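Reviewing the structure listed below.
Chains as they are written, first to last, in the numbering used here: chain A, 4 to 304; chain B, 16 to 114; chain C, 115 to 405.
Here you go:
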């Protein structure tokens, strides 16, 4: 006779079954990772009824789990799907979600480890690995920029109090990216095309967008940009390399003078030009409200 | 020499900060504020239709919003109602449409 | 009975779930909806458009929070970050009561994002009730637990679902969000008479009622929230109102979402059952009975 499981054991057993990857036909696997038949596993804690076996009933939850995660993930990475092609995307998505099941109460964070995971597992991206990595970063940055905090920008009084040892914070919604490709243009085009096709045909991602991506020949070009939020809209703001380096240094917690030095490191730009650039950048950043007092946890990145 | 450049850069940064902060603080009407922000914000990606939510308490069927349903499972019979209806919206929200 | 301590003695009428495709209509037409229910998790963010839209809604409407990931039945402690964010949102919305599901969904820090059924055991009763109490104490507002649709039953169960629900809410001293569609779905999936369920619940604890549509497959029903409410569910609703009195009622529509007017028209069908008692004097009387 099998001993009844306590609640924690039962939940752990059921979770393992529910999160077991599906077969290629999107059904529950016949055996679990230990090679045990799932009919046996299910029968241990699920009751059959006159229409469904214990396996059938458990399979409903197994499939729902994957469909829910897959649809949430696909929503967040439509351009990546187009870059790697839908079939490869399916493999990529399932492998990623198996390696990184949700560790958050919200599905919003589902893609948070994708960039690191894909970097470590390039085979899932296929021949356009570098572009896939860039697109992943852009699409994840959009998720972050959409609803990250917007803190009170620096006031004039706070600016007046700044000194040589001061640190500045960068708004949590401002996402800084250094890319190998002009992936921002590409993602922009992809999303516009998808939106147009969705509204015209009432369908989701149009196949023509995917075919267009297949034909696309993007040349590598070092690209720096910020994805940020203003008036509740998302924007791409192209950055120059020194601008990016300065902002990245500020975000890492350096002092203002150190950030300015880091900004021009490795670049040969005449001093007067540097001065003019810095004044222009800081005017823009302050006008956009990007700068604030150094961030407390959990906002500091 | 290097110190004087650093001082100039710091001074430029502070000047810029003052100018930008004052501009942002100026009382302006909503539309001119938007225009001003747009001028420095970059390329606008989206506003209205970037809304998205991911949570609901509904069950998930096998319409994954990917343009079709697979119907080989016993549980799938009668589930092919995605086709011809524009895929299946998920979780009460439309795809992200960052744009 | 309907305005009771589990819904902070509110007399909300018929509402609908707030859904993004309806934002434009709501802001431009300002329909006379009594209240909106929001999915808490969609607004437990740090900033941006979701919160801005929510604030605009709250300027004009009453809002009640409904969660999908508190997992009262999970065997382990709740996530502190989740609780912290939830309380922040509670303070923002000033929701009079808050609901989530009588289910589990996470283990060892991994989330299923599904409403997984509980075994109806005494151990689950004790643990679930303790967790509800903890959440209720932390949030400092009334909590109502919702019965879920389920597709599986456990070999270890020691009681019926309604007996389990009753034991939990009694021990937790919390309210019930009675989902009559979920009762119907589960009654078909588990072969019981749904009216037995409605008749067994402690009417004085019902804070709110959910109605919704579902999808019937060959061998089971899935709670998809993508169709109108079917007549047998309206019959259960009628019986629930008969027992509980006019109770805040909410239509959920989460997929294949039609126009606002269609959803609202479907929700207003509930008024057929609520109207006879809906006068201020009757409400006061009912509130007095509950006191």
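By construction, the Cβ of each residue, glycine as well, lies at the ideal position given by its N, Cα and C atoms.
Bear in mind the structure is a predicted one, so any value in this text is a computation, not a measurement.
Whole-angstrom distance between residue j and residue i, CA atom to CA atom
| i | j | result |
| --- | --- | --- |
| residue 99 of chain A | residue 65 of chain A | 17 angstroms |
| residue 116 of chain C | residue 377 of chain C | 24 angstroms |
| residue 52 of chain A | residue 304 of chain C | 7 angstroms |
| residue 25 of chain A | residue 277 of chain C | 35 angstroms |
| residue 38 of chain B | residue 173 of chain C | 30 angstroms |
| residue 275 of chain A | residue 292 of chain A | 26 angstroms |
| residue 156 of chain A | residue 66 of chain B | 25 angstroms |
| residue 174 of chain A | residue 153 of chain A | 6 angstroms |
| residue 193 of chain C | residue 70 of chain A | 24 angstroms |
| residue 277 of chain A | residue 267 of chain A | 8 angstroms |
| residue 18 of chain A | residue 34 of chain A | 15 angstroms |
| residue 368 of chain C | residue 295 of chain A | 39 angstroms |
| residue 326 of chain C | residue 263 of chain C | 11 angstroms |
| residue 84 of chain B | residue 149 of chain C | Here the model assigns residue 84 of chain B a pLDDT of 35, short of 50, so the residue's position is not dependable and the matter cannot be decided. |
| residue 50 of chain A | residue 347 of chain C | 26 angstroms |
| residue 121 of chain C | residue 176 of chain A | 37 angstroms |
| residue 148 of chain A | residue 237 of chain A | 7 angstroms |
| residue 127 of chain A | residue 68 of chain A | 22 angstroms |
| residue 202 of chain C | residue 183 of chain C | 16 angstroms |
| residue 30 of chain A | residue 58 of chain A | 11 angstroms |
| residue 120 of chain A | residue 140 of chain A | 12 angstroms |
| residue 57 of chain B | residue 123 of chain C | 50 angstroms |
| residue 31 of chain B | residue 339 of chain C | 54 angstroms |
| residue 196 of chain A | residue 233 of chain C | 48 angstroms |
| residue 123 of chain A | residue 190 of chain A | 23 angstroms |
| residue 78 of chain C | residue 257 of chain A | Since the displayed chain C opens at 115 and closes at 405, residue 78 of chain C lies outside it and no answer follows. |
| residue 191 of chain C | residue 250 of chain C | 14 angstroms |
| residue 75 of chain B | residue 294 of chain C | 19 angstroms |
Which listed residue (the options) has its alpha carbon closest to that of residue i
| i | options | result |
| --- | --- | --- |
| residue 354 of chain C | C:282, C:309 and C:200 | C:309 |
| residue 151 of chain C | C:175, C:223, C:165 and C:141 | C:175 |
| residue 118 of chain C | C:201, C:210 and C:384 | C:210 |
| residue 239 of chain A | A:245, A:231 and A:246 | A:231 |
| residue 247 of chain C | C:198, C:201, C:168 and C:286 | C:286 |
| residue 245 of chain C | C:231, C:371 and C:288 | C:288 |
| residue 292 of chain C | C:366, C:233 and C:335 | C:366 |
| residue 279 of chain A | B:19, B:69 and B:24 | B:24 |
| residue 23 of chain A | A:12, A:45 and A:126 | A:45 |
| residue 83 of chain A | A:104, A:117 and A:42 | A:117 |
| residue 372 of chain C | C:127, C:123, C:124 and C:132 | C:132 |
| residue 77 of chain A | A:31, A:142 and A:102 | A:142 |
| residue 212 of chain C | C:256, C:218, C:236 and C:243 | C:256 |
| residue 54 of chain A | C:374, C:137 and C:334 | C:334 |
| residue 55 of chain B | A:27, A:38, A:233 and A:42 | A:233 |
Contacts around residue i, its chain only, beta-carbon distance under 7 angstroms, and the 5 residues preceding and following it disregarded
| i | result |
| --- | --- |
| residue 137 of chain A | 182, 183, 184 and 186 |
| residue 230 of chain C | 217, 218 and 219 |
| residue 145 of chain A | 230 and 237 |
Residue i burial status per 10 Å Cβ neighbour count (16 or more: buried)
| i | result |
| --- | --- |
| residue 151 of chain A | buried |
| residue 145 of chain C | exposed |
| residue 172 of chain A | buried |
| residue 272 of chain A | exposed |
| residue 241 of chain C | buried |
| residue 226 of chain C | buried |
| residue 130 of chain A | exposed |
| residue 288 of chain A | buried |
| residue 235 of chain A | buried |
| residue 222 of chain A | exposed |
Whole-Å CB distance - residue i paired with residue j, under 8 angstroms assumed
| i | j | result |
| --- | --- | --- |
| residue 324 of chain C | residue 341 of chain C | About 15 angstroms separates the two Cβ atoms, so there is no contact after all. |
| residue 108 of chain A | residue 35 of chain B | With a Cβ gap of about 38 angstroms, residue 108 of chain A and residue 35 of chain B do not count as contacting. |
| residue 167 of chain C | residue 199 of chain C | That pair is no contact at about 18 angstroms. |
| residue 239 of chain C | residue 186 of chain C | That pair is no contact at about 11 angstroms. |
| residue 188 of chain C | residue 14 of chain A | 7 angstroms |
| residue 140 of chain C | residue 374 of chain C | 7 angstroms |
Beta carbon proximity, residue i to chain E, threshold 9 angstroms
| i | result |
| --- | --- |
| residue 53 of chain B | In the structure shown, chain E does not exist; the protein chains are A, B and C. |
Contact set for residue i: own chain, Cβ-Cβ below 6 angstroms, skip 5 residues either direction
| i | result |
| --- | --- |
| residue 75 of chain A | 110 and 113 |
| residue 250 of chain A | 179 |
| residue 364 of chain C | 129, 151 and 324 |
| residue 262 of chain A | 249, 252 and 253 |
| residue 246 of chain A | 284 |
| residue 227 of chain A | 181, 242, 244 and 247 |
| residue 314 of chain C | 276 |
| residue 343 of chain C | 325 and 327 |
Cut-off 8 angstroms between Cβ atoms - residues of its own chain near residue i, not counting five sequence neighbours on either side
| i | result |
| --- | --- |
| residue 156 of chain C | 164 |
| residue 87 of chain A | 95, 127, 128, 129, 131 and 135 |
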